[in-house]
Amino acid sequence: MEVWVVRVEEDTLEVLPRPSPLPRVVRSRDGGLEGAVTGRTWCCRLEGCRGVRVEVKWPDGTVTRPCSAGMREVESGVWQIL
Numbered sequence: 119m120e121v122w123v124v125r126v127e128e129d130t131l132e133v134l135p136r137p138s139p140l141p142r143v144v145r146s147r148d149g150g151l152e153g154a155v156t157g158r159t160w161c162c163r164l165e166g167c168r169g170v171r172v173e174v175k176w177p178d179g180t181v182t183r184p185c186s187a188g189m190r191e192v193e194s195g196v197w198q199i200l
């Protein structure tokens with residue numbers, strides 16, 4: 119298993135599993151819409167969250183940044199918002 123090592127404090131290291139590759143598509147919560155992943159990502163800034171915000175462009179042109187912690191992989195390269 120590949121891992122990322124993250125420095126938490128001066129003398130402490132925390133080992134985290136490497137996240138799966140970015141999806142190509144994100145489905146809406148009800149599965150009715152599919153948005154294209156732009157490839158831009160940010161670390162989630164919610165306190166205690168270790169997810170990654172993924173930029174998604176929806177068919178109507180709206181851009182959102184859902185967190186990977188609130189999504190699940192439903193197919194290879196396809197995630198769905200929970």
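Residue 128 in the working numbering sits at position 10 of the sequence shown, with consecutive numbering throughout.
In this text, a Cβ means the ideal position worked out from N, Cα and C, and glycines have one as well.
Bear in mind that the values here come from a model prediction, so they are computed numbers and not experimental data.
If we ignore side chains and look at the alpha-carbon of each, how far apart do cysteine 167 and valine 196 end up?
-> Numbered from its first residue, the sequence shown carries residue 167 at position 49. Numbered from its first residue, the sequence shown carries residue 196 at position 78. Distance between the alpha carbons of cysteine 167 and valine 196: 22 Å.
Flag this pair as yes or no: are the beta carbons of glutamate 152 and arginine 163 separated by less than 8 Å?
-> Taking the sequence shown and counting its residues from 1, one reaches residue 152 at position 34. Taking the sequence shown and counting its residues from 1, one reaches residue 163 at position 45. Cβ distance not < 8 Å, so glutamate 152 and arginine 163 don't count as in contact.
Does the ligand MN have a heavy atom nearer than 7 Å to the CB of proline 141?
-> This structure simply doesn't include the ligand MN, nor any ligand for that matter.
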